[in-house]
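Undergrad:
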Amino acid sequence: SGCAADGRIVMIDFGLASNSSLSEDKAVDLYVLERAVSAAHPEHPDAFETILAAYKAASKQWCPTLNRFADVRARGRKRAMIG
Numbered sequence: 001s002g003c004a005a006d007g008r009i010v011m012i013d014f015g016l017a018s019n020s021s022l023s024e025d026k027a028v029d030l031y032v033l034e035r036a037v038s039a040a041h042p043e044h045p046d047a048f049e050t051i052l053a054a055y056k057a058a059s060k061q062w063c064p065t066l067n068r069f070a071d072v073r074a075r076g077r078k079r080a081m082i083g
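All residue numbers for the sequence shown refer to this note's numbering, where the first residue is 1 and numbers rise by one.
(1) Quick one, which of Arg8, Gly76, Arg77, Arg68 has its alpha-carbon nearest Glu24's?
(2) Go to Ala39, then tell me how far its alpha helix (DSSP H) extends in each direction, as first and last residue.
(3) Closer than 7 Å by C-beta to His41: which residues in its own chain qualify, once you throw out the five before and the five after it? Chain order, please.
(4) Which word fits Lys60, buried or exposed, when buried means at least 16 other C-beta atoms lie within 10 angstroms of its C-beta?
(5) Comparing C-alpha positions only, which one of Ser20, Lys56, Val28 sits nearest to Val72?
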């Protein structure tokens, strides 16, 4: 990812992992991306929400993915609390 000359966030997906149409897989990818963005760019706390809005506009599977994403987030938070 990077920043375009006009300040837009630009992401490049090199597709190095397998391609999956499963909502669970997409949700896990979003969770990992959320963690990476928040860790790498704490000065931009709204960056991931912007990414999610763009994903929602482009995805044909947004609703099931969003539901799974909420589950994945909850599992991740539980794991972080337990250790």
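From the three backbone atoms N, C-alpha and C, an ideal C-beta is built for every residue, glycine too.
Model, not experiment: these values are computed from the prediction.
TA: Reading it off the structure:
(1) Among Arg8, Gly76, Arg77, Arg68, the Cα nearest to that of Glu24 is on Arg68.
(2) Unbroken alpha helix (DSSP H) run through Ala39: 23 to 40.
(3) So the qualifying residues of the chain are Ala47.
(4) It is exposed - the Cβ of Lys60 has fewer than 16 other Cβ atoms within 10 Å.
(5) Measuring from the Cα of Val72, the nearest candidate turns out to be Val28.
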